[in-house]
Amino acid sequence: SDNIKALEYFQLARSQYEAIGYKSNAALLTGNIGLVYMNLSDYEKAFECFTSALEILEDLGNKHRAAKNLGNLGNLYANEKYEGYNDEKAEELLINALTMFEEIGSKKEQYELHKPLADIYKKRKRWEEFSYHIEKYIEIRDEVQTEKARKEAGMIEQRRLAAERDKDIAIVKAAAEAKLNTTTQLLH
């Protein structure tokens, strides 16, 4: 399966990064391995990976990646299939990760955390908090997607302008070649 292949590649890459002392990249891959284990429903291994990655990234001062793994742990605790399911622990971890992402301004990760928080509050019938987080989820998701669409539109416009410029250059070259050929023919 794709998860098994991903696991093999991530583990190989992680061991290579560890061998050359690239702790941050090794920790990133450890977190990715945790996500694969989560997809495979091996929640204990996912927990070990997220915890290990979080510890290393906090030691390295990598706030963004640490927050990612904190959020991953929160999502793990929010998963009812996980033996360690604990929605209070999930709430705490997700809020801490969300706070970190707000501090560093990572919008995409913010909206990704508002959704599981909304789900937790919905289960608990805490409608005010549910409403707040689902609205933030929608608001920030739309903002991120609008910005992404704006960037993509800008890239398309740049490509169009470049193609237009290339066409103009080709026309000028062709005209210059035609003029040169005409001049050459007249001189011979």
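Residue numbers (my numbering): 98 to 285. Even glycine gets a Cβ: it sits at the ideal position worked out from N, Cα and C. Note that the coordinates shown come from a computational prediction; the quantities given were computed from them, not determined experimentally.
Give the range of the alpha helix (DSSP H) segment to which residue i is assigned.
i              : result
asparagine 183 : Premise fails: asparagine 183 is in no alpha helix (DSSP H) and is neither H nor E.
serine 203     : Where serine 203 is concerned, there is no enclosing alpha helix (DSSP H), given that its DSSP letter is neither H nor E.
histidine 161  : 160–174
serine 98      : No alpha helix (DSSP H) contains serine 98, which DSSP labels as neither H nor E.
aspartate 156  : 140–157
isoleucine 130 : 120–136
How long is the line joining the alpha carbons of residue i and residue j, rounded to whole angstroms?
i                 : j              : result
alanine 194       : arginine 257   : 41 Å
phenylalanine 227 : glutamate 209  : 14 Å
isoleucine 101    : glutamine 108  : 11 Å
aspartate 99      : lysine 245     : 28 Å
serine 203        : glycine 158    : 16 Å
isoleucine 201    : tyrosine 106   : 30 Å
serine 112        : alanine 123    : 7 Å
alanine 273       : leucine 283    : 15 Å
alanine 260       : glutamate 249  : 16 Å
leucine 137       : aspartate 156  : 29 Å
tryptophan 224    : histidine 211  : 14 Å
alanine 110       : isoleucine 266 : 46 Å
valine 241        : methionine 252 : 17 Å
aspartate 139     : lysine 220     : 24 Å
leucine 154       : serine 121     : 6 Å
arginine 262      : threonine 280  : 27 Å
glutamine 255     : lysine 264     : 14 Å
glycine 128       : serine 149     : 8 Å
lysine 270        : histidine 285  : 22 Å
Does the separation of the CB atoms of residue i and residue j fall below 8 Å?
i                 : j           : result
leucine 173       : alanine 163 : no
glutamate 206     : lysine 165  : yes
isoleucine 130    : leucine 104 : yes
phenylalanine 144 : glycine 118 : no
tyrosine 114      : leucine 126 : yes
Given residue i, which residues of its chain have a CB within under 6 Å of its CB, disregarding the five upstream and five downstream residues?
i             : result
leucine 170   : Phe147, Leu190
threonine 196 : none
Starting from the C-beta of residue i, find all residues in its chain whose C-beta is less than 7 Å away, skip the five residues before and the five after it, and write them out in chain order.
i              : result
tyrosine 229   : none
alanine 215    : Phe227, His230, Ile231, Tyr234
glutamate 199  : Gln207
isoleucine 217 : Ala175, Asp184, Ala187, Glu188
histidine 161  : Ile201, Ser203
Could you name the residues of the same chain whose beta carbon sits closer than 8 Å to that of residue i, not counting the 5 residues immediately before and after it, in chain order?
i            : result
proline 213  : Gly171, Asn172, Ala175, Ala187, Leu191
arginine 238 : Tyr208
Any beta carbon from chain D within less than 8 Å of residue i's own beta carbon?
i             : result
glutamine 255 : Looking for chain D here will not work: only one protein chain is present.
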